[in-house]
Every structure is written in C-alpha cells, then in structure tokens.
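Participant: Quick one: structure below, then a few questions.
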Amino acid sequence: MSQVEKPTVIPLKHPRESLLREERLPHIWCSGCGIGTALNCFIGALEKSGLPWDKVAIVSGIGCAGRAAGYIKLDSFHTTHGRAIPFATGLRLANPELKVVIFSGDGDLIAIGGNHFIHAARRNIDMTVICVNNFNYGMTGGQVGPTTPAMAKTTTSPYGNSEHPFNLPYLAAASGAVYVARWTTLHVRRLERSLTEALLKEGFSFVEVISPCPTYFDRMNRLGEGLDMMKSYQESSEIVHGFDPRKADIDLRGKIIVGKFIDIEKPTYLDFQKEIQARVEGEPS
Amino acid sequence: MSGDIACAEGALSAGCRFFAGYPITPATEIAERMAERMPQLGGVYIQMEDEIASMNAILGASWGGLRAMTATSGPGFSLMMENLGLGIMTETPCVLVNVQRGGPSTGLPTLVGQGDMMQARWGTHGVYEIIALSPSSPQEFFDLTVRAFNLAEKYRTPVLVMADEVVGHMTERVTIPEEVPCFPRRKPEFPPGDRSSFPPDEDLVPPMANVGEGYHIHVTGLTHDERGYPVTDEVTQERLVRRLVEKIRGHKKDIIRLEEKGVEGAEVIVCSYGISARVGLWAVELAKREGIKAGMLKLLTVWPFPEERVREVASKVKAFVVPEINYGQIALEVERSAGGRAEVIPLNHMGGGLHEPEDILKAIRKAAR
Amino acid sequence: MKRLEVKLAGFGGQGIILAGQIIGQAAVLFDQKNAVLTQSYGPASRGGACSADLIISEEEILHPLVLKPQVMVVMSQEAYDRYASEVAEGGMLLVDADLVPVLPRRSKKRDVFAIPATRLAEEVGRRIVANIVMLGSFAALTGAISVEAVKRSILSLVPKGTEDLNLQAFERGYEYGKRLAADKRERSIKT
Numbered sequence: 004m005s006q007v008e009k010p011t012v013i014p015l016k017h018p019r020e021s022l023l024r025e026e027r028l029p030h031i032w033c034s035g036c037g038i039g040t041a042l043n044c045f046i047g048a049l050e051k052s053g054l055p056w057d058k059v060a061i062v063s064g065i066g067c068a069g070r071a072a073g074y075i076k077l078d079s080f081h082t083t084h085g086r087a088i089p090f091a092t093g094l095r096l097a098n099p100e101l102k103v104v105i106f107s108g109d110g111d112l113i114a115i116g117g118n119h120f121i122h123a124a125r126r127n128i129d130m131t132v133i134c135v136n137n138f139n140y141g142m143t144g145g146q147v148g149p150t151t152p153a154m155a156k157t158t159t160s161p162y163g164n165s166e167h168p169f170n171l172p173y174l175a176a177a178s179g180a181v182y183v184a185r186w187t188t189l190h191v192r193r194l195e196r197s198l199t200e201a202l203l204k205e206g207f208s209f210v211e212v213i214s215p216c217p218t219y220f221d222r223m224n225r226l227g228e229g230l231d232m233m234k235s236y237q238e239s240s241e242i243v244h245g246f247d248p249r250k251a252d253i254d255l256r257g258k259i260i261v262g263k264f265i266d267i268e269k270p271t272y273l274d275f276q277k278e279i280q281a282r283v284e285g286e287p288s
Numbered sequence: 285m286s287g288d289i290a291c292a293e294g295a296l297s298a299g300c301r302f303f304a305g306y307p308i309t310p311a312t313e314i315a316e317r318m319a320e321r322m323p324q325l326g327g328v329y330i331q332m333e334d335e336i337a338s339m340n341a342i343l344g345a346s347w348g349g350l351r352a353m354t355a356t357s358g359p360g361f362s363l364m365m366e367n368l369g370l371g372i373m374t375e376t377p378c379v380l381v382n383v384q385r386g387g388p389s390t391g392l393p394t395l396v397g398q399g400d401m402m403q404a405r406w407g408t409h410g411v412y413e414i415i416a417l418s419p420s421s422p423q424e425f426f427d428l429t430v431r432a433f434n435l436a437e438k439y440r441t442p443v444l445v446m447a448d449e450v451v452g453h454m455t456e457r458v459t460i461p462e463e464v465p466c467f468p469r470r471k472p473e474f475p476p477g478d479r480s481s482f483p484p485d486e487d488l489v490p491p492m493a494n495v496g497e498g499y500h501i502h503v504t505g506l507t508h509d510e511r512g513y514p515v516t517d518e519v520t521q522e523r524l525v526r527r528l529v530e531k532i533r534g535h536k537k538d539i540i541r542l543e544e545k546g547v548e549g550a551e552v553i554v555c556s557y558g559i560s561a562r563v564g565l566w567a568v569e570l571a572k573r574e575g576i577k578a579g580m581l582k583l584l585t586v587w588p589f590p591e592e593r594v595r596e597v598a599s600k601v602k603a604f605v606v607p608e609i610n611y612g613q614i615a616l617e618v619e620r621s622a623g624g625r626a627e628v629i630p631l632n633h634m635g636g637g638l639h640e641p642e643d644i645l646k647a648i649r650k651a652a653r
Numbered sequence: 219m220k221r222l223e224v225k226l227a228g229f230g231g232q233g234i235i236l237a238g239q240i241i242g243q244a245a246v247l248f249d250q251k252n253a254v255l256t257q258s259y260g261p262a263s264r265g266g267a268c269s270a271d272l273i274i275s276e277e278e279i280l281h282p283l284v285l286k287p288q289v290m291v292v293m294s295q296e297a298y299d300r301y302a303s304e305v306a307e308g309g310m311l312l313v314d315a316d317l318v319p320v321l322p323r324r325s326k327k328r329d330v331f332a333i334p335a336t337r338l339a340e341e342v343g344r345r346i347v348a349n350i351v352m353l354g355s356f357a358a359l360t361g362a363i364s365v366e367a368v369k370r371s372i373l374s375l376v377p378k379g380t381e382d383l384n385l386q387a388f389e390r391g392y393e394y395g396k397r398l399a400a401d402k403r404e405r406s407i408k409t
C-alpha cells in the first residue's frame, strides 16, 4: 500500500504547516507516540531561533524517529541506519553556511551509530542532535536497545533485559558535547526552549527527548497508554538544571531527572579549521 | 610521483575539495597528500572514525556542493559497501578509490592483490549497475581519477577507481596537464521553491540541487518516486531501479574505455586490467618476438564490462588469456562474453606479487598451438 | 639503453629510498628516460631492513618490479646476506665496505666494488651522506645516469641547507668509483 496517499479531506490547516510537507501526511507514527510532539517542538524552536530555513538541513537515520526528515519542509535527508551523523558531518563541513540538525532515535544514534555519535561530540562538530529515546526499536516491532532499562521486557528480552543501558546525557557530556539537555514529551515548552538554545549553540549540542512507545515498550512493560505515560512523566520527572549527568541514569520505574545539564564554551572543529587555514595561508609558499 | 600521490593530485585537478578517509595501507598516502593539500586549496580534509563514516561524509559533502572522494583498501572497502548503496540509490556523485591489497580479511596489508573486482560489482546489496575504472600506472591513476569525477557528475552516481598496491606505491613519471576536463554538476532549471526532487532528463539522469539553495529537497535511501518521497511498492521500485540501471547500461559506449594493441589479426588475446595488464603486455611483446600472433585488450573501464567488444573479438581469435591477481573474477566475465566462441584461460595469482611474464608467455604459447 | 634493474638495500634511516628517488628522478626528468621505483613496506622496513627497487629504461617499462637486479647497492651486512645472491650474472655489486665487514669475494659471475662510503662521508662532514657517496660511485661505475642529471636531482630532493654537503659527497663517491673502474680496466688488461 502506498504510504503517501493523501487523505481526501483535510479539515484544518496544521498549525505547523509552514514547515511540514503536508502532502506526506498523515504520518506513520502510532497514537500516543511522542515523536510527533518532539517534531512539533523542534519546528517551534526553529521558528523561534530565527535561523533562515533555506540554510537549515535535517538528517535522519532509520527507525520511527528517522522518518521525521521526511515530513519537514527543509532540505532533508533520510540516510542509512546509524549513519545520519557522519553524513551530516560531510554536509556541514562542505557548506559552512548550513545549520545541520540530526533527528533520530536511540537505537539509530546510540547502538549502530554510537561510534559516530561519540566522535562527532569529541570533534565538537557544529550540529544539533535530537535523540528521541523510547527505550526500544519501534519500527521493527519493539526489540531491546542500547537504552532499554535493565530487566525491562521487549520482544527480544522477553524475560527481562540483562544489559545496562546507556545514560545518554552522560555519554554525550563525556564525549565532549557543549550543550546537553533532557526532557520528556510532557515538557513541551521547556523542550522547545531547550531546542532553540541548542540550535543557536555553536558546537555539538545534544537534546534527549524521553518519549512513550505505547504500542511496544510501554505495553510490554505494562506502563500504560499514551496518557498514562504523560501522567507517569509528571509524577516521576524532576527538573534539576546543572545536574551531574553521571547520576542521570533511568530505571524502569524510577525517577527521571530532566533539565539542562551542560552548557559550556569550547572551540569547535571549524574554529580549529579556521586557525589552521590562517596558519597555511601565512606560510611562505 | 607515486600512484597514490598521482591519484590525490588527479582528484584535486578535477576539483575535488572534500576528502574523508581512515588510515589504511596501501592507500594512506592518498589521505596524507590530501591532508597537506586541501587546506592550501580551501578544501576540507577530515579523518573519520572508520570507513563507514568516511563513505557517509563524502555523500553528505557532495550534497553540500563539493566534489568529494574517499580512498581505502580491502577491509575499508568492505565497510564502505553499505553506503555505496546509499550513494547509488540517492544518485550522489562521488569517487571511491580502492588501492587493492591481498585478502581476505586483513590479508597482506603491504602487498598487491586484485581480489575486490567482483566486490566492486556486487558488494552492496540489491539491484544496481556500477562504474569502475582500473589504472595500471601512476599516470593512469591520475587520469582515471579525473575521469571518475566527471563520470560521477555526468551520471550522478558513485564511481570506483580500482587500483592496487603496486600502482599505488610505485613511483614513475606523471605528467599533470594545466587543465583537465570538468563535467559540471547538473543543476535544475526550475527556480528555487518547494521542489523535493527533479524529474530525470532524457538521458535518465536527473538534475541535482545542492543543500542550501532553497529547493527544500528530500533525499532518501528508501525506494522513492520522482518527488523524492518514499513509496515502497513494486511499481515504484520497477520505475526507479530500472532507471538507475539503465542510465549506466544505456551509456556504455560513453563510459567504456579500452586500450587495444595488436588485436586485429591476433590469434591469442591477453585480456586484463590494472597492474596485471601491464605485465600481460610484456608477455604479449615476448610472444610476438617468437612469431606468435598475440594482442592485448586492456580494460580501463572494468564495470560496466565491455561484453560487446569481447564477444566481437572472441569470434576472431583462438583464445583469451586472462591474468589477474585473484582466483578468477574478470575471467568469468570474459568467458560469459566470449560465449564459447573462443577459449578463455584464466591465469590466477593469489596475491603478494605479480605474475611472472614467463608464466603468461607459456599460456600464450599453449593457447596459440 | 635497455632495461636496467637496480636494487638499493640497507637499513631504515640511511636514505636508501631517497637515493632511489634521486636516481629515478634524474633518469626521468633530466635524462628523459623511463624509471619505476618501488620499495619495501611495513614490517620489512620497520625491522630495520630497507630496500628500494629501481628500473631505468629508454623503452616503456612494462613489468614494474625488479626481477633480477643487474646492479645492487648494499649498505648493511644484513642486506648483503639477504640480497647479494640475487644479483644477475654479469651484474655488479656495490657495497659500503665500512658497513659490510664480511667482504664479499669477487666472482667471475659478477663484479664486486667495495666503497668506504661511510668513511668518505665522514671526511666531507657527516656520515649521514654515505648514501650520496654510494650514489656517486653508482653513477661512475654504471654510467646509467648522467652526472649533470644526478646533481640536479640531488639539489631538488635533499633538505635545504645540505646541498653543498651532498654535492661534495657525490663528488667523493664519483671519484672513488672512477678509480675503481680504472683499476678494473687495468686488471682486465693484465689478465
């Protein structure tokens, strides 16, 4: 079945129509999923940031969140699984005018793309990485992933997950990111503000968006429907700006610390490049 | 200069301004040269965390508007296969150089091989057609790298340059022309606006807008329609993939380059490519001195394979001798193309060195009898 | 001149590859001949041994590797032990007598020339230029490249500020080589 067939009636203009490829709607995300919320906040942030849209490119990998690039009316790339960051690295360095945003999921960015993630952060390449973390692989039907909490159930950990998950803010900060924040899809205004800051930050900025996956992860772990997840985020999340990311682990039913954890200044890859360029040009030939 | 240096210089002459790579013998000298030269020319050199990343970075850079290249050897070539496919599917012009060494696995890092010829053709998954060129000297490494960039832009596809350790490391005279031919990027004639993709021209190749030009393009590795949007069905697959294959197959005459020496009137043809063709030519010369009617058919373009010409020659000669540093890869193509009209004698060498001209000569003698 | 195959061998840091580059470049750029240079890579060079293979020819060089060297320049005992037996019949072996203490025997099949290259290099200033002394003797004994071409090639390839030192080293080696060649002629007249 074709995925791009237009519905015959669109009752209302979408409030974000200016940046959505409307001909591609409806999207593929399940009801109660948080990716749409994250995308909505991103569009809001982009509008607030004042960045010229023609100079913003969005790059996704593969997975549910990876489909975001296909719905946004920017220069947009839907690359291979895990490879959004190195693709974006080439794009960013080839055209210094661009702002490059990576919008993808936890499995894509952190498992198969984990090595690219830590190296882009280490280089402090000028890009914003938005990671929608729903604790499992949704596109392929709810398998265990690099952020699945210990002992949580998925289709490939039917008796519970025997691995420790990555704590993403800690991983990003330790790898060299200059801006690190985490929010849930409940915190839409704060998330939007954080994404605006991240977009305007020079260097490698990282925002984790904790999102429900009612179809797989939440159902398998009896966490409830979309609305239940919002309630649980309200109960279990605590805003602590400047929190030490080392302690920001997430357990299956434990507390979720959110907030802006890191916001520092240091030379970016391009800053060093400019210095090198000057050095080369200063050399007598 | 050495072949590797010639390759880097060829790329720079052709306007390459982005190189991403990962150190690997015997291709490292290309990266080192690029690291030195790119800042002088205002280009970008970046050493990525692996070859997967390198391949992706050049695809991104190409969409960013630069002519982009990576260079590697066997183990890295294997890692690049994944996103070679992305390059083919998204019709991204770029150049991938493989300075082949002995394999499988880590194999012979410092010694010659030609074992990746079939990987070049079939290494990434799915249905596709590829362009691969093979140099047999530093000069050809320069020239074919230039050509690879132009073919990449003309047909909007990744192009492979399949060199080998001997060609990469040997130092020989290289003449660098003041100017080299340059096929410019095929830009859309539409004004900027919300156009996610562009219909192909008559030659089946669509124009390409770079990022940041205001078109709001959409590019995906999924099967997509002419708007660039994913449509994962049989009809769209048929239309897209057939076009991707035909845009290359339909232009074989333009893409294929052969170097023939004494083919007319010959009884035995040595058909080879890269460094093996060079040694093969020596054997042909030795055979001629003995009065054997021998000729040389050197493949500068290996893929698409010049099956029409090989078939034509097959109907006039007794045999083909095919020396190559693998267990018989291109020999299979020669055999397929000859279709039984002439005998095909594969001459295999497992790598680490070149054929002895005497061994090729013996095969020519035997074939001529 | 038909195909001349040359092997230069010693250990890393002696400038073996540089010597090969100088000869090759001299042949190609200044003598208008063809040349191909290849070299040993990897563990072979890291382990100490180091070699450069060079082919010079007026014709097109088809096989790019040295198959049977007609001239071999050897600058270490290890290289001598490893490669000396490969010299083609009727070929010549040039050794740095200061670095190859076990002096090879002259045989009917090949000429052996012992050059005190390290000592001569020390005499002109620094032992590091022993490779260039050997190069001088190579030019004198083989005639494969013109003196003018080698000198131009040396000037373009050695580090800035060492040009004079290297040219002196070349001259020393060249003179010594000429003397050896003359001795050989005399010997052949006597016998």
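Residue numbers (the working numbering), protein chains in the order written: chain F, 4 to 288; chain H, 285 to 653; chain X, 219 to 409.
Just so it is clear, CB atoms sit at the ideal spot from N, CA and C, and this is done for glycine as well.
Quick check: what's the CA-CA separation for Lys396 of chain X versus Pro287 of chain X?
Facilitator: Near 22 Å, if we compare the C-alpha coordinates of Pro287 of chain X and Lys396 of chain X.
Participant: On the DSSP letters alone, give me the boundaries of the beta strand (DSSP E) that Gly262 of chain F sits inside.
Facilitator: Looking at the DSSP string, the run of the beta strand (DSSP E) that includes Gly262 of chain F is 259-266.
Participant: Measuring only between beta-carbons, confirm whether Gly233 of chain X sits less than 8 Å from chain H.
Facilitator: False, the Cβ-Cβ gap to chain H never drops below 8 Å.
Participant: Cβ closer than 9 Å: which chain X residues qualify as neighbours of Pro359 of chain H?
Facilitator: Per Cβ cutoff of 9 Å: no residues; Pro359 of chain H is ~15 Å from chain X at best.
Participant: Can the beta-carbon of Gly343 of chain X be found less than 8 Å from the beta-carbon of Tyr392 of chain X?
Facilitator: No, these two residues do not count as a Cβ contact at 8 Å.
Participant: With DSSP collapsed to three states, give me the class of Ile648 of chain H.
Facilitator: In this structure, Ile648 of chain H counts as helix in the three-state DSSP scheme.
Participant: In the DSSP output, which residue or residues are listed as bridge partners for Asp448 of chain H?
Facilitator: DSSP, once it has assigned bridges, lists H:Gln384 as partnering Asp448 of chain H.
Participant: Using 8 Å as the threshold, is the C-beta distance between Arg440 of chain H and Val515 of chain H below it?
Facilitator: No; because the gap between Cβ atoms is not below 8 Å, this pair is not in contact.
Participant: Would a C-beta distance cut-off of 8 Å place Val586 of chain H and Val568 of chain H closer than the cut-off?
Facilitator: Contact flag unset, no.
Participant: Specify the secondary structure class of Leu428 of chain H as computed by DSSP and reduced to three states.
Facilitator: Looking at Leu428 of chain H - three-state DSSP - the assignment turns out to be helix.
Participant: Do Ala48 of chain F and Thr199 of chain F have their C-beta atoms within less than 8 Å of each other?
Facilitator: Going by C-beta atoms, Ala48 of chain F is nearer than 8 Å to Thr199 of chain F.
Participant: Of all Cβ atoms in chain H, is any one closer than 8 Å to the Cβ of Gly242 of chain X?
Facilitator: Chain H, which has a Cβ nearer than 8 Å to the Cβ of Gly242 of chain X, makes this yes.
Participant: At which residues does the alpha helix (DSSP H) containing Lys536 of chain H begin and terminate?
Facilitator: That run of the alpha helix (DSSP H) goes 536-539.
Participant: As a quick exercise: from F:His244, F:Val261, F:Lys76, pick the residue whose alpha carbon is nearest that of Asp252 of chain F.
Facilitator: Cα-wise, what sits closest to Asp252 of chain F is F:Val261.
Participant: Taking contact to mean at least 3 C-beta pairs separated by less than 8 Å, is the stretch 517-532 of chain H in contact with the stretch 564-582 of chain H?
Facilitator: No: fewer than three Cβ pairs fall under 8 Å.
Participant: Could you tell me the distance, in whole angstroms, from the CA atom of Pro483 of chain H to the CA atom of Glu510 of chain H?
Facilitator: Spanning the two alpha carbons is a distance of roughly 6 Å.
Participant: Compute the Euclidean distance between the alpha carbons of Lys471 of chain H and Glu20 of chain F, then round it to the nearest angstrom.
Facilitator: Rounded to the nearest angstrom, the two C-alpha atoms are 28 Å apart.
Participant: Are the C-beta atoms of Gln146 of chain F and some chain H residue less than 8 Å apart?
Facilitator: Taking Cβ atoms only, chain H never reaches closer than 8 Å to Gln146 of chain F, which makes this a no.
Participant: In terms of residue numbering, what span does the beta strand (DSSP E) encompassing Trp587 of chain H cover?
Facilitator: First-last of the beta strand (DSSP E) with Trp587 of chain H: 585-587.
Participant: Output needed for Lys277 of chain F: all residues of its chain with C-beta closer than 8 Å, excluding positions within five of it in sequence on either side, in chain order.
Facilitator: There are no such residues.
Participant: Between the alpha carbons of Glu25 of chain F and Ile46 of chain F, how many angstroms are there, rounded?
Facilitator: Computed Cα separation, rounded: 14 Å.
Participant: Can you list, in chain order, the residues of its chain with a C-beta nearer than 8 Å to that of Pro1 of chain F? Leave out the 5 residues immediately preceding and following it.
Facilitator: As shown, chain F starts at 4 and ends at 288. That puts residue 1 of chain F outside it, with no answer to give.
Participant: What first and last residue would you give for the alpha helix (DSSP H) that runs through Met402 of chain H?
Facilitator: Run containing Met402 of chain H: 401-406, per the alpha helix (DSSP H) assignment.
Participant: With respect to the beta strand (DSSP E) encompassing Ala302 of chain X, which residues constitute its N-terminal and C-terminal limits?
Facilitator: Note, Ala302 of chain X: premise wrong, no beta strand (DSSP E); not H, not E.
Participant: Is the beta carbon of Ala339 of chain X closer than 8 Å to that of Ala387 of chain X?
Facilitator: For Ala387 of chain X and Ala339 of chain X, yes; Cβs fall inside 8 Å.
Participant: With a floor of 3 residues, list each beta strand (DSSP E) that falls wholly inside the stretch 296-356 of chain H, ordered by position along the chain.
Facilitator: Qualifying beta strand (DSSP E) stretches, in chain order: 300-305, 328-331, 351-356.
Participant: Tell me where the alpha helix (DSSP H) around Ala358 of chain X begins and ends.
Facilitator: Per DSSP, Ala358 of chain X belongs to the alpha helix (DSSP H) from 348-360.
Participant: Just to confirm before moving on: does the CB-CB distance between Ile128 of chain F and Tyr272 of chain F stay below 8 Å?
Facilitator: The answer is yes: Cβ separation under 8 Å.
Participant: In terms of DSSP beta bridges, what is Leu581 of chain H paired with?
Facilitator: The partner list for Leu581 of chain H (beta bridge, DSSP) reads H:Glu544, H:Cys555.
Participant: So Val601 of chain H and Glu551 of chain H are in contact, right, with Cβ under 8 Å, and what is the actual spacing, rounded?
Facilitator: Going by Cβ atoms, the distance from Val601 of chain H to Glu551 of chain H rounds to 6 Å, so yes, they are a contact pair.
Participant: Excluding the 5 residues preceding and the 5 following Phe361 of chain H in the sequence, name in chain order all residues of the same chain whose CB lies nearer than 6 Å to its CB.
Facilitator: Answer for Phe361 of chain H: Asn382, Asp400, listed in chain order.
Participant: Counting pairs of beta carbons, one from the stretch 150-166 of chain F and one from the stretch 230-244 of chain F, are three or more of them closer than 8 Å?
Facilitator: No: the two stretches stay apart, fewer than three of their Cβ pairs being nearer than 8 Å.
Participant: Do we get a CB-CB distance below 8 Å when we pair Pro215 of chain F with the residues of chain H?
Facilitator: Chain H contact via Cβ: absent.
Participant: Using the Cα positions of Ile644 of chain H and Leu311 of chain X, report the straight-line distance between them to the nearest angstrom.
Facilitator: Answer to the nearest angstrom: the Cα atoms are 30 Å apart.
Participant: What are the start and end residues of the beta strand (DSSP E) that includes Leu285 of chain X?
Facilitator: Neither: Leu285 of chain X is in no beta strand (DSSP E) and is coded neither H nor E.
Participant: From which residue to which residue does the alpha helix (DSSP H) around Val618 of chain H run?
Facilitator: Element bounds for Val618 of chain H: 614-622.
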